[in-house]
Amino acid sequence: MLKLENVVAHYGNIQALSGISLEVSEGEIATIIGANGAGKTTTLKTICSLISPTSGKIYFQGKDITGRPTYEIVEAGISMVPEGRRVFPRMTVLENLQLGAYLNKNRQQVKSYLEEVFTLFPVLKSRAKQVAGTLSGGEQQMLAIGRALMAKPKLLLLDEPSMGLAPKIVESIFDIITKINCEGTTILLVEQNAGMALSIANKGYVLETGKIVMSDTAENLLENEKVKTAYLGE
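Its first residue numbered 1, the sequence shown is counted upward by one per residue in full-length UniProt numbering.
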């Protein structure tokens with residue numbers, strides 16, 4: 001479904017990605033793990049054209065989407081939940097969710113998608129008129145995921161969904177990610193909590209200083225001694 005071929009990206013003169021190649025197949029959860037500054041967020045931003053790749057190609061469902069405008073990438077079926085949630089704090093929960101469907105002019109369809117999000121996250125329905133900035137961290141994460149789902153993506157990119165959340169809330173968020181995947185959405189997950197990410201993923205990529213140094217099934221990576229030592233605290 002998604003394929004990156006030798007993607008290079010820079011922040012000014014600093015090279016952030018050094019020839020990334022990876023694939024995400026339809027229906028699976030793939031994860032990218034790595035330390036802070038490894039290039040995980042940059043990879044997702046480059047897929048979405050928030051950063052323009054210096055070289056390399058990005059394909060989605062067989063079509064070259066390299067450097068296309070971000071709104072076209074959303075139209076094609078890719079949505080991203082950014083690191084730090086980035087909800088609009090002064091807008092209500094409902095307004096935040098409606099913004100996620102800004103490309104959809106079919107009001108009935110938007111209403112239907114809204115009900116699907118409220119079924120997945122009942123707490124958001126009860127807080128629909130509440131200002132998003134007053135939600136807890138876990139609720140804001142649910143809102144950020146719900147907002148991305150309002151675009152009805154084929155591929156959902158998740159950037160550090162566990163960041164800053166209590167362990168119980170993290171478990172709940174990861175249960176929801178698994179449920180979204182079971183309902184047919186392919187997922188590319190970037191996560192520092194390597195153990196949690198690999199426990200729900202089909203396959204994983206290990207990123208170090210802008211390069212993929214290892215890739216395998218999630219199960220094999222969980223058992224890999226190098227991964228255990230570097231990322232699982234064993």
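We put the beta carbon where it would ideally sit given N, CA and C, even for glycine. Just so we're clear, the structure is a prediction, and the values are computed from it rather than from any experiment.
Opening and closing residue of the beta strand (DSSP E) in which residue i lies
| i | result |
| --- | --- |
| residue 9 | 2 to 11 |
| residue 131 | Here residue 131 belongs to no beta strand (DSSP E), and DSSP marks it neither H nor E. |
| residue 23 | 14 to 24 |
| residue 180 | Note, residue 180: premise wrong, no beta strand (DSSP E); alpha helix (DSSP H) at 167 to 182. |
| residue 163 | No beta strand (DSSP E) holds residue 163; DSSP gives it neither H nor E. |
| residue 208 | 203 to 208 |
Buried or exposed by the 16-neighbour rule on C-beta atoms within 10 Å, applied to residue i
| i | result |
| --- | --- |
| residue 229 | exposed |
| residue 168 | exposed |
| residue 140 | buried |
| residue 217 | exposed |
| residue 70 | exposed |
| residue 13 | exposed |
| residue 75 | exposed |
| residue 225 | exposed |
| residue 204 | buried |
| residue 90 | exposed |
| residue 231 | buried |
| residue 63 | exposed |
| residue 53 | buried |
| residue 282 | In the structure as shown, the chain begins at 1 and stops at 234. Residue 282 is therefore absent and cannot be evaluated. |
| residue 213 | exposed |
Whole-angstrom C-beta distance between residue j and residue i, which should lie under 8 Å
| i | j | result |
| --- | --- | --- |
| residue 155 | residue 188 | 7 Å |
| residue 131 | residue 92 | 6 Å |
| residue 78 | residue 153 | 6 Å |
| residue 100 | residue 150 | 3 Å |
| residue 227 | residue 206 | 7 Å |
| residue 192 | residue 160 | 6 Å |
| residue 7 | residue 56 | 4 Å |
Limits of the alpha helix (DSSP H) - the one that residue i falls within
| i | result |
| --- | --- |
| residue 195 | 194 to 200 |
| residue 138 | 137 to 149 |
Does the count of Cβ pairs from the stretch 32 to 47 and the stretch 184 to 201 closer than 8 Å reach three? yes
At 4 residues or longer, and completely inside the stretch 75 to 111: list those alpha helix (DSSP H) runs for me, N to C. 93 to 100
Flag this pair as touching only if the stretch 80 to 90 and the stretch 137 to 151 have three or more C-beta atom pairs under 8 Å; answer yes or no. yes
Taking 8 Å as the threshold, find out whether the stretch 1 to 15 comes into contact with the stretch 42 to 51 through three or more Cβ pairs. yes
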